[in-house]
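The structure appears below as structure tokens.
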Amino acid sequence: MKTYLPPKFIVDRNPSRCIQCQVCVNQCSFDVHYYDADDDEVRSHEENCVGCHRCVIFCPTQALTIERNPLDYRENYNWRPEIIEDILRQAETGGVIITGMGDDKRQRIYWDHLVLNASQVTNPSIDPLREPMELRTYLGSKPERVEIEPDSLELKTYLAPQVELDVPVMFAAMSYGAVSLNVHESLARAATESGTLWNTGEGGLHPKLYKYGHNTIVQVASGRFGVHPQYLDVARVIEIKIGQGAKPGIGGHLPGEKVSAEVSLTRMIPQGTDALSPAPHHDIYSIEDLAQLIYALKEATNYQKPVAVKIAAVHNSAAIASGMVRAGADIIVLDGLRGSTGAAPKIIRDNVGIPIELALASVDERLRQEGIRNRASLIVSGGIRNSGDVVKAIALGADAIYIATAALIALGCTVCQQCHTGKCAWGICTQDPKLAKRVNPDIGSRRLTNLLRGWSLEIKDMLGGMGINALESLRGNRLHLRGVGLTDTELEILGVKMAGS
Amino acid sequence: MRGIIHLNNPYGDDKAIESCSIFGMMDTTGRRFGGRDVIRAIANMHDRSNGLGGGFAVYGIYPQYASYYAFHLMYLTVEARWDVEEYLKQNFNLIWAEEVPTQKTSGIVDPPLVWRYFLEVGNLRSEGQSEDDYVANRVMEIDTKLEGAFVFSSGKDMGVFKGVGYPEDIAHFFCLDSYEGYLWTAHGRFPTNTPGWWGGAHPFNILDWTVIHNGEISSYGINRRYLEQFGYQCTFETDSEVVAYAVDLLMRRHELPIEIVARIMAPPFWDQIERMSRAEQDLCRTLRQVYGSLLLNGPFTVIIAHQGEMIGLTDRIRLRPLTVGVKNSMLYLSSEESSIRLVCPDLDKAWIPMGGEPIVGRLKISEECPGVVMPQEVEVS
Ligand code: SF4
Ligand code: SF4
Chain A
1 MKTYLPPKFI VDRNPSRCIQ CQVCVNQCSF DVHYYDADDD EVRSHEENCV GCHRCVIFCP
61 TQALTIERNP LDYRENYNWR PEIIEDILRQ AETGGVIITG MGDDKRQRIY WDHLVLNASQ
121 VTNPSIDPLR EPMELRTYLG SKPERVEIEP DSLELKTYLA PQVELDVPVM FAAMSYGAVS
181 LNVHESLARA ATESGTLWNT GEGGLHPKLY KYGHNTIVQV ASGRFGVHPQ YLDVARVIEI
241 KIGQGAKPGI GGHLPGEKVS AEVSLTRMIP QGTDALSPAP HHDIYSIEDL AQLIYALKEA
301 TNYQKPVAVK IAAVHNSAAI ASGMVRAGAD IIVLDGLRGS TGAAPKIIRD NVGIPIELAL
361 ASVDERLRQE GIRNRASLIV SGGIRNSGDV VKAIALGADA IYIATAALIA LGCTVCQQCH
421 TGKCAWGICT QDPKLAKRVN PDIGSRRLTN LLRGWSLEIK DMLGGMGINA LESLRGNRLH
481 LRGVGLTDTE LEILGVKMAG S
Chain B
1001 MRGIIHLNNP YGDDKAIESC SIFGMMDTTG RRFGGRDVIR AIANMHDRSN GLGGGFAVYG
1061 IYPQYASYYA FHLMYLTVEA RWDVEEYLKQ NFNLIWAEEV PTQKTSGIVD PPLVWRYFLE
1121 VGNLRSEGQS EDDYVANRVM EIDTKLEGAF VFSSGKDMGV FKGVGYPEDI AHFFCLDSYE
1181 GYLWTAHGRF PTNTPGWWGG AHPFNILDWT VIHNGEISSY GINRRYLEQF GYQCTFETDS
1241 EVVAYAVDLL MRRHELPIEI VARIMAPPFW DQIERMSRAE QDLCRTLRQV YGSLLLNGPF
1301 TVIIAHQGEM IGLTDRIRLR PLTVGVKNSM LYLSSEESSI RLVCPDLDKA WIPMGGEPIV
1361 GRLKISEECP GVVMPQEVEV S
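Those sequence lines, one after another, are chains A and B.
The first sequence runs 1 to 501 under this note's numbering.
The second sequence runs 1001 to 1381 under this note's numbering.
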């Protein structure tokens, strides 16, 4: 069938710069560039280009530019180009449109409507270069009070397991299978070096990475891939994955082509078979079932590790989170509308779930109203872009933040949204050994460590500006936030005042 | 009592912002003395306040009624007094009531009516509830439900006197040189955003706890949200209110000693904790993990007092001043050393404590319990 889909990008090759070295031919995994030996010229199949910029960065003479195809349709706000092209795509394939990364639509990004405070006159700002500035965070359930032996001042209260973070930013779940082993290793090493945690995702943990277990969160998801005693034993935290922001309410599907020998070993499924994660856990149809799984995992690990439960942010998150805390979760993870994925139906990614800012504000408030906020830590994820977003999330009430897309960008990702194709030219979202080796864990872990270092310096600057020298004094301190351009209802849900008031 | 909240924070700011002078003086033998020196000392720091608030707390002041709760009330109207007196009669055994003696003072404009009551709880509280909890709840009820009245002192054998004016004028207005106590604290206030309301002056009081405070707590937002979980309603929107409730929660309800409370409000840094002994590390880490939301961040000095104890504390990087002086059994705490020297030129010892280090003065009960507990283990004769 002749496709009616026009090329999205124009590959502009400057002939006076191109030296026919064919670097682009080798770098592009989407078969755009090719060498015509007869004419001794490199040419392009532009219709294949996804705009990932791999060729641009690696072209030694800077001969390449990638431009959006300016092809205009007649103006129509309802029938926008993307909508027309999705219909064409389905008319040609008869299937569900699958995509990668997070929601790219224009729902309001609340971080951009929140601004932070700084000290002036009545209260000195603190210079983090001269004074201590503490970002340390402990994840885990806390009791309501501490009991002390009055005479000896000895501690009578012992806490449930706590996990220490030097920086309140962790790497979110990305499974081995979706991303390459080199990406896992880069994340694991960077987390270890930065004093934070990384998350295996639902595809198990390769034995090569057990040595980073102290900084590893292992996931137990509906497919139970790679879950065995040693997997639980090496971990620092166990996370039950109920849902994911990119695809609330549905399961996952890793195509058989991606299930290589190593992936099969790690996931404990035969090589080349599809890895299907059911939509719900078939042993969790209700909150009391969740409690059973939480305690089964705690029993299995001798109550030595906090158990986290991750859900997609949906309409009733506040009530659900309260139930999760009561069911024994030590950590609640909320993944918002903009949360990313290796592959999800586009219609679900862009239409299901709620913005993380609103979910966070209402969950934190509800847990406080019920007097159980101390019983669980609160982690949020889904589209956190920089240290400003991190600080705002903490002021709204988060204990820590998960990043995934930002971490992949640090490794080279340009958010081309082709993760589901397995052809990632940056070697991130692929199992093709030729591509996967493009991520070198030595360099990858350094890039990630640098990113976290940069963010923590910025967080310290912002804290000092507010006259605060310990992160716990910002956590849930919404008076340091103000809203701009928000309605009264939005301000009320966020629990912040309008700027100027 | 919307009017009162409105008066204290009329522009709806996050909270009232203020700065101040503070002074405290305690005879650890329990000997009672008059207000003369305290008044001179706080007056010496006149420039640290702006005439919009001054106040005093005196302990050991009502020996003849020592076993009764002494309520000091301010009334905007006579009707308010009738309502409150009716309420007090329903909820307490009213032992004695009188108007607090005052005198005309040039700096004091438009004062409210001020009365005091000596009350006994009797058997009116419910089963299992402590007397203190019962009284604290009644105070909250009067402040939030009864129009035009405000309880500004509610402890036993102690009293708070405060209002709008410079502290020395407040002292004159309340005839404070005619009272005696073994522990006095004093405060001069410099608010930036309020025309001044009598109830908004320091000391802030609940039961026999008083707090005077200099500073601006940048963690106010979370301190307040945390306390709200325990049923405290921060209606006055000031830092000192938050400090007072934090002290009430930690010391009275959670039964933690002051050394521990200091480590919650001004905890050691994580790298200091790492250098401690194992047991101390566990203690300090647990406190920060559980009570991180009560860390008071940003510049502050507080003097917290209750029956038999006076505590001075600064934030952990000491962004507000505190000087300690000792002369025989007398312990002085002050924003400025000059005020201590004014009333006691020949101190045995004067020093500036480290940030976050509590200075505790205690009534001397026996040889094993020295009056002043100092970090260097200095004995006070
Ligand atoms: S490498 Fe990326 S940007 Fe370059 S031609 Fe291929 S798909 Fe397009
Ligand atoms: S991971 Fe790869 S395929 Fe996915 S968006 Fe990033 S660059 Fe594109």
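We treat Cβ as the ideally placed atom computed from N, Cα and C, and that holds for glycine.
Expected contact under 8 Å - CB spacing of residue i and residue j to nearest Å
| i | j | result |
| --- | --- | --- |
| alanine 1266(B) | arginine 1316(B) | 4 Å |
| alanine 376(A) | serine 141(A) | 6 Å |
| phenylalanine 1033(B) | serine 1339(B) | That belief does not hold up - the Cβ atoms of phenylalanine 1033(B) and serine 1339(B) are roughly 16 Å apart, past 8 Å. |
| leucine 197(A) | valine 259(A) | 27 Å between Cβ atoms; not a contact. |
| isoleucine 1170(B) | glycine 1054(B) | 4 Å |
| glycine 495(A) | glutamate 365(A) | 6 Å |
Residue i CB to nearest heavy atom of ligand 2 below 6 Å
| i | result |
| --- | --- |
| asparagine 100(A) | Checking the displayed sequence, the identity of residue 100(A) turns out to be glycine instead of asparagine. Checking every heavy atom of ligand 2 against the Cβ of glycine 100(A), one is found closer than 6 Å. |
| isoleucine 428(A) | yes |
| leucine 408(A) | yes |
| cysteine 419(A) | yes |
Close-in-space but distant-in-sequence residues of the same chain around residue i (CB under 7 Å, 5 per side omitted)
| i | result |
| --- | --- |
| asparagine 14(A) | Ala63 |
| leucine 5(A) | Glu85, Leu88, Arg89 |
| tyrosine 210(A) | Val234 |
| isoleucine 348(A) | Lys247, Ile250 |
| serine 1154(B) | Tyr1069, Phe1071, Val1135, Val1139, Asn1205, Ile1206, Leu1207 |
| glycine 195(A) | Leu165, Asp166, Val167 |
Near ligand 4: residue i beta-carbon under 6 Å from a heavy atom
| i | result |
| --- | --- |
| valine 415(A) | Ligands in the displayed structure: ligand 1 and ligand 2; ligand 4 is not one of them. |
Ligand 1 heavy atom lying under 6 Å from the CB of residue i
| i | result |
| --- | --- |
| valine 50(A) | yes |
| valine 32(A) | yes |
| arginine 567(A) | Because residue 567(A) is not part of the residues shown, which for chain A are 1 to 501, the question remains open. |
| cysteine 21(A) | no |
| alanine 425(A) | yes |
| cysteine 28(A) | yes |
| isoleucine 10(A) | no |
| isoleucine 66(A) | yes |
Cβ shell of residue i (< 6 Å), same chain only, five flanking positions each side left out
| i | result |
| --- | --- |
| proline 7(A) | Glu46, Glu47, Asn69 |
| glycine 201(A) | Ala173, Met174, Ser175, Gln219 |
| tyrosine 1062(B) | Ala1070, Asp1157 |
| methionine 1026(B) | Leu1183, Met1310, Leu1331, Gly1361 |
| serine 1334(B) | Phe1023, Thr1323, Ile1340 |
| alanine 160(A) | Gly140, Ser141 |
| asparagine 182(A) | Ala436, Val439, Pro441 |
| cysteine 52(A) | Thr414, Cys416, Ala425 |
Residue(s) in a DSSP beta bridge with residue i
| i | result |
| --- | --- |
| methionine 1026(B) | Leu1183(B), Leu1331(B) |
| methionine 498(A) | Gly483(A) |
| glycine 1325(B) | Tyr1332(B), Ala1350(B) |
| phenylalanine 1056(B) | Phe1161(B), Ala1186(B) |
| lysine 310(A) | Lys241(A), Val333(A) |
| glycine 1215(B) | Phe1300(B) |
| serine 377(A) | Ile331(A) |
| alanine 400(A) | Ile379(A) |
| aspartate 12(A) | Thr65(A) |
| lysine 2(A) | Lysine 2(A) is not bridged to any residue. |
| cysteine 1020(B) | Arg1189(B) |
| proline 345(A) | Ile98(A) |
| phenylalanine 1150(B) | Met1074(B) |
Sequence-distant residues of the same chain with beta carbon closer than 8 Å to residue i, five excluded per side
| i | result |
| --- | --- |
| serine 381(A) | Ala172, Gly245, Val333, Leu334, Asp335, Gly336, Gly339, Ile356, Ile401, Tyr402, Ile403, Ala404 |
| methionine 1001(B) | Note that methionine 1001(B) scores 30 on pLDDT, short of 50, meaning its location in the model is unreliable and no value can be drawn from it. |
| tyrosine 1179(B) | Gly1034, Gly1035, Val1058, Ile1061, Gly1159 |
| serine 269(A) | Per the sequence presented here, residue 269(A) reads as isoleucine, with serine not at that position. So the qualifying residues of the chain are Phe225, Val259, Ala275. |
Test: residue i CB closer than 7 Å to a CB of chain E
| i | result |
| --- | --- |
| glutamine 1233(B) | Here the protein chains are A and B, and chain E is not one of them. |
(message) Does the structure place the segment 469 to 481 of chain A close enough to the segment 342 to 354 of chain A that three or more beta carbon pairs sit under 8 Å?
(response) Three or more Cβ pairs closer than 8 Å define a contact, and the segment 342 to 354 of chain A falls short of that threshold against the segment 469 to 481 of chain A.
(request) Evaluate the contact criterion for the segment 316 to 324 of chain A versus the segment 268 to 279 of chain A: three or more CB pairs, one atom per stretch, below 8 Å. (result) Segments in contact, no.
(request) Answer yes if the segment 421 to 432 of chain A comes into contact with the segment 449 to 459 of chain A, meaning at least three C-beta pairs across the two stretches below 8 Å, and no otherwise. (result) Two segments are said to touch when three or more pairs of C-beta atoms, one from each, lie closer than 8 Å; by this definition the segment 449 to 459 of chain A does not touch the segment 421 to 432 of chain A.
(request) Taking 8 Å as the threshold, find out whether the segment 1317 to 1333 of chain B comes into contact with the segment 1271 to 1282 of chain B through three or more Cβ pairs. (result) Contact between the segment 1317 to 1333 of chain B and the segment 1271 to 1282 of chain B is absent, because fewer than three Cβ pairs lie under 8 Å.
(request) Specify whether the segment 357 to 364 of chain A and the segment 286 to 297 of chain A touch according to this definition: at least 3 beta carbon pairs, one from each stretch, less than 8 Å apart. (result) Here the segment 357 to 364 of chain A makes no contact with the segment 286 to 297 of chain A; the two share fewer than three CB pairs at distances below 8 Å.
(message) Within 8 Å, do at least three Cβ pairs link the segment 124 to 140 of chain A to the segment 408 to 422 of chain A?
(response) No: the two stretches stay apart, fewer than three of their Cβ pairs being nearer than 8 Å.
(message) Check whether the segment 1042 to 1049 of chain B and the segment 1079 to 1089 of chain B are in contact - that is, three or more C-beta pairs closer than 8 Å.
(response) At 8 Å Cβ cutoff, the stretches do not touch.
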